[in-house]
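Numbering (my numbering), first residue to last: 11 to 154. Heads up, the beta-carbon is just placed ideally off N, CA and C, and yes, glycines get one too. Notes to accompany the following structure.
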Amino acid sequence: MGLVRHLSIRVPWHDRAWDGHICNAPLENSSCLALKLIAENRKDILEEGIAAEAFDKLQREQLPPCLRASASFLSPHEHAFESVMAYSTRSKDHTHILPRSMRVPAWGALVIPYRWMLKESGFKIAEGLELDARPDREPTDPGA
């Protein structure tokens, strides 16, 4: 057996048990408001109109922002969406990061390795995995 690791994934609450569909009652799902990515990008009127629809049957502009936060966690349905890194739209140091089409396979989940992204631990992890990441290539003023 190969290397086995434990992985915890934060997923937004879903009233259909993450089955690959819009919530049955999207406006009643207030837990989405606790997640900044979802709260800032929710389209309540649109989602209410397509309640219970399968993600893989929706047009790109109909896809809810919760897909980027693992709302399809272990769904038996594959789906795809365009991911835009938030920093790329407001930081000159990140404009090179272009939108990317993401495909989530059936029974898959999206994860964000937070500990990897912290300067305190990220470079040590990268070194241990022999990844080409160096602190000297980091922007000195990422907020600019």
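_Between which two residues does the beta strand (DSSP E) holding E92 run?_
Residue mapping note: residue 92 aligns to position 82 of the sequence shown, counting from 1. E92 -> beta strand (DSSP E) spans 89-93.
*A119 and S80 look like a contact to me (Cβ under 8 Å); what is the Cβ gap, rounded to whole Å?*
Residue 119 sits at position 109 when you count from the first residue of the sequence shown. Residue 80 sits at position 70 when you count from the first residue of the sequence shown. Indeed they touch by this definition, with Cβ atoms about 5 Å apart.
*Excluding the five sequence neighbours on either side, which residues of its own chain have a C-beta within less than 6 Å of the C-beta of D29, listed in chain order?*
As a first step, residue 29 is located in the sequence shown; it is residue number 19 there, counting from the start. Excluding residues within five positions, the ones whose Cβ falls inside 6 Å are S85.
_Host alpha helix (DSSP H) of R110 (start-end)_ = If you number the sequence shown from 1, residue 110 lands on position 100. From DSSP, R110 is part of no alpha helix (DSSP H) but of the beta strand (DSSP E) over 110-114.
*asked:* So, at 6 Å on beta carbons, what are the nonlocal neighbours of R113 in its own chain, with the 5 sequence-adjacent residues on each side left out?
replied: Position 103 of the sequence shown, counted from the start, is the residue given in the question as residue 113. Same-chain partners within the cutoff: A90.
*Is A64 helix, strand or coil by DSSP?*
Position 54 of the sequence shown, counting from 1, holds the residue named residue 64. It is a strand residue.
_Closest residue to A96 among L47, E63, Y124, I32 (Cα-Cα distance)_ = Indexing the sequence shown from 1 puts residue 96 at position 86. The residue with the shortest Cα to Cα distance from A96 is L47.
*Which class does H16 belong to by DSSP, given the choice of helix, strand or coil?*
Along the sequence shown, read from residue 1 onward, the residue named residue 16 stands at position 6. Three-state DSSP puts H16 in coil, outside helix and strand.
*Keeping to the same chain, check which residues put their C-beta closer than 7 Å to that of A136; ignore five residues upstream and five downstream.*
Locating residue 136 in the sequence shown gives position 126, where the first residue counts as 1. The answer, listed in chain order, is A143.
*Where does H31 fall in DSSP's three states?*
Taking the sequence shown and counting its residues from 1, the one referred to as residue 31 is at position 21. Strand at H31.
*Does DSSP put G132 in a helix, in a strand, or in coil?*
Position 122 of the sequence shown, counted from the start, is the residue given in the question as residue 132. Note: G132 maps to helix in three-state DSSP.
*asked:* On the criterion of 16 or more Cβ atoms from any shown chain inside 10 Å, does P36 qualify as buried, or is it exposed?
replied: Sequence index remark: in the sequence shown, residue 36 carries index 26 (1-based). Burial call: buried.
_Distance check for F83 and I122, CA to CA, integer angstroms please._
Numbered from its first residue, the sequence shown carries residue 122 at position 112. Numbered from its first residue, the sequence shown carries residue 83 at position 73. Whole-angstrom Cα-Cα distance: 13 Å.
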